[in-house]
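Below is one structure, written out as structure tokens; the observations come after it.
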Amino acid sequence: MSEVLLEPVVKTVALSILTKLTAEICRAAGESGVAAFVETAGTVLALAVALPLVRAVAQLMGELLI
């Protein structure tokens, strides 16, 4: 797999782990509202980081259809 495709995957996994860890720390401190915000923000950021991967998949699908 090329580095162009591997980089978004690694970033998304790292972001997911950090988001989950941060949300659990917030919940343990009794801040469930902050934890929910952290999870929402983490999801949005993960989607933004994964956009190059989505574009590559869409391009590949377009090439296969032609």
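So for the sequence shown, the numbering used here puts the first residue at 1241; every next one is plus one. Each residue gets a CB set at the ideal place from its N, CA and C atoms; glycine is no exception.
- Query: Run through DSSP, which three-state label would residue 1269 get?
  - Reply: Coil, per DSSP.
- Item | Inter-stretch contact at 8 Å, needing at least 3 Cβ pairs: the region 1283-1300 / the region 1243-1252 | Between the region 1283-1300 and the region 1243-1252, the count of Cβ pairs shorter than 8 Å is three or higher; the stretches touch.
- Query: Going straight from the alpha carbon of residue 1303 to that of residue 1293, what length do you get?
  - Reply: Just so you know, the alpha carbons of residue 1303 and residue 1293 end up roughly 15 Å apart.
- Can you give the Cα-Cα distance for residue 1282 and residue 1301, rounded to whole angstroms? Using only the alpha carbons, I get a separation of about 28 Å.
- Item | Rounded Cβ spacing between residue 1255 and residue 1291 (contact assumed at less than 8 Å) | Rounded, the Cβ-Cβ distance is 13 Å, inconsistent with contact.
- Message: Less than 9 Å between the beta carbons of residue 1289 and residue 1259, yes or no?
- Response: Contact: no.
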